[in-house]
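First the structure, in the form of structure tokens, and then the observations on it.
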Amino acid sequence: MVTTALQKALPRRASLPFMDGAVYLLLAAASAALWWLCRNVPTLLPVWAPWDFYPLEFVSFWLALWWFVRGLQLSSPGERPAKWRIACFVAGLALTYAVLMTRYDYLAQHMFFLNRFQHIVMHHLGPMLIVLGWPGATILRGMPGPLARLCRAHWLRRVMHVVQQPALAAFLFVGLIYLWLIPDIHFRVMVDPRLYSLMNWSMVVDGILFWSLIFDPRPSPPARLGFLARSGILMGVMFPQILIGAFITFSSRDLYEFYHWCGRIYPSIDAMADQAYGGLIVWIPGAMMSAVGLLLVLNFMRLAEEEAESENEDETSPAINAASWTGM
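First residue of the sequence shown? That's 144 in our numbering, and the numbers climb one at a time after it.
As structure tokens, then:
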């Protein structure tokens with residue numbers, strides 16, 4: 144259904160330049176309107192509209208979707224991703240958008256457990272689905288030429304190579320979770336819109352970088368890591384999440400007083416219950432995402448092995464040994 148809707152939305156190649164201009168103008172107008180509305184009459188907006196408007200995040204989400212749609216139109220049939228990959232990308236983008244750019248963001252700023260669910264979506268589930276869509280080539284194909292060349296620049300590839308070093312990637316994945324959960328830092332971030340935006344960007348970008356390393360469908364080489372090494376990384380990042388989640392869940396004092404001072408949106412859930420629920424979300428769904436990732440990596444390994452066996456059979460099948468038929 145998602146694929147069919149996207150295909151219907153695809154403009155003809157001849158109309159792409161016109162559509163580009165229209166989309167960019169529409170995004171600029173929508174950004175200006177939402178900025179004004181969120182600044183002056185936020186309570187009048189529907190639940191699917193932003194509460195605090197962040198123009199860079201808003202434009203980034205919609206441009207990523209437009210460039211993906213545009214890239215699909217410019218792709219040959221052999222270059223287009225499978226329908227399930229298109230569906231994964233759109234679902235991952237939609238889920239991440241929903242927890243960051245709708246009224247849910249307001250709820251996440253007033254309940255700790257809702258904030259933890261927000262982070263699970265934007266650091267685990269959303270990026271996992273986006274990466275499973277493997278949209279990089281399609282988005283690059285749909286980008287404006289100068290920007291696509293910048294994304295292919297050698298210096299940027301070098302930066303990506305460093306950031307996706309296996310040990311560093313695992314450290315950043317777990318370290319960012321720990322960093323933003325340090326009580327003093329968490330309080331400071333939640334009262335500073337600039338730091339709050341930085342936290343959200345760091346979680347989404349790090350999630351995409353980490354899961355891109357893990358969910359590369361290719362064997363190594365050309366993939367950065369072999370399937371067993373990726374499985375080891377997933378096991379390695381699972382236990383620190385369990386540890387911090389259990390610590391928060393069983394803590395005997397209120398670690399995150401920000402939610403007391405700002406006012407909890409659900410007064411019937413007291414501070415300790417809110418904190419315990421949040422700790423359980425860090426503990427159980429966070430660890431489960433690693434387990435799901437492990438199963439997917441093992442499935443990629445199975446598919447790669449089957450493909451290699453199929454290629455070997457294709458290479459050997461034309462060569463028929465006549466002696467097996469004639470006895471000579």
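Here a beta-carbon is modelled for each residue, glycine too, at the ideal position from N, C-alpha and C.
Residues of its chain near residue i, where Cβ-Cβ distance is below 7 angstroms and the 5 sequence neighbours each way are ignored
i: V274; result: I351, W354, S355, F358
i: D241; result: Rather than Asp, the amino acid found at residue 241 in this sequence is Ala. The answer, listed in chain order, is Y247.
i: Y197; result: S340
i: M415; result: D397
i: A430; result: M381, Q384, I385
i: R284; result: G214, L217, S218
i: R223; result: L215
i: T392; result: A419, G422, L423, W426
Whether residue i touches residue j by CB criterion (8 angstroms)
i: F330; j: F260; result: no
i: W194; j: C181; result: yes
i: I282; j: P428; result: no
i: F232; j: P278; result: yes
i: I229; j: Y321; result: no
i: R407; j: M254; result: yes
i: F443; j: V380; result: no
i: L319; j: M346; result: yes
i: G235; j: L208; result: no
i: S374; j: V435; result: no
i: L238; j: G269; result: yes
i: S453; j: L377; result: no
i: L399; j: P326; result: Going by the sequence as given, residue 399 is Tyr instead of Leu. Result yes, Cβ atoms of Y399 and P326 sit closer than 8 angstroms.
i: L188; j: N343; result: no
Cβ-based burial, residue i [other Cβ within 10 Å; buried from 16]
i: H266; result: buried
i: Q418; result: buried
i: A310; result: exposed
i: L290; result: exposed
i: Q308; result: exposed
i: F201; result: buried
i: V332; result: buried
i: L299; result: exposed
i: D349; result: buried
i: L324; result: buried
Under the three-state DSSP convention, the category residue i falls into
i: A157; result: Legend: pLDDT at A157 = 46, less than 50; position of this residue unreliable, value from coordinates given subsequently. The answer is helix: DSSP assigns A157 an H, G or I state.
i: V184; result: coil
i: A419; result: helix
i: E222; result: coil
i: D122; result: Any question about residue 122 goes unanswered here, given that the chain covers just 144 to 471.
i: P400; result: Just to set this straight, residue 400 is Glu in the shown sequence, not Pro. Note: E400 maps to coil in three-state DSSP.
i: L371; result: helix
i: R340; result: One detail in the question is off: residue 340 reads as Ser in this sequence, not Arg. Three-state DSSP puts S340 in a helix.
i: A366; result: coil
i: P278; result: coil
i: D163; result: helix
i: V348; result: helix
i: V190; result: coil
i: F260; result: helix
i: S395; result: coil
Unbroken alpha helix (DSSP H) run spanning residue i, endpoints
i: W227; result: 226-243
i: F211; result: 198-217
i: W323; result: 309-324
i: V305; result: 297-306
i: R269; result: In the sequence under discussion, the amino acid at residue 269 is Gly, which differs from the Arg named in the question. G269 -> alpha helix (DSSP H) spans 269-275.
i: P289; result: 288-294
i: D248; result: 247-251
8 angstroms Cβ shell around residue i - same chain, five flanking residues per side excluded
i: F390; result: G422
i: V306; result: A312, L315, L352
i: A447; result: P360, R361, P362, F370
i: C294; result: L283, M286
i: S394; result: Q418, G422
Any non-hydrogen atom of the ligand SAM closer than 7 angstroms to residue i Cβ
i: G164; result: Summarising the ligand content, the structure contains no ligands, and the ligand SAM is consequently not present.
Sequence-distant residues of the same chain with beta carbon closer than 6 angstroms to residue i, five excluded per side
i: N258; result: A251
i: F370; result: V440, M444
i: L437; result: S374, L377
i: R292; result: none
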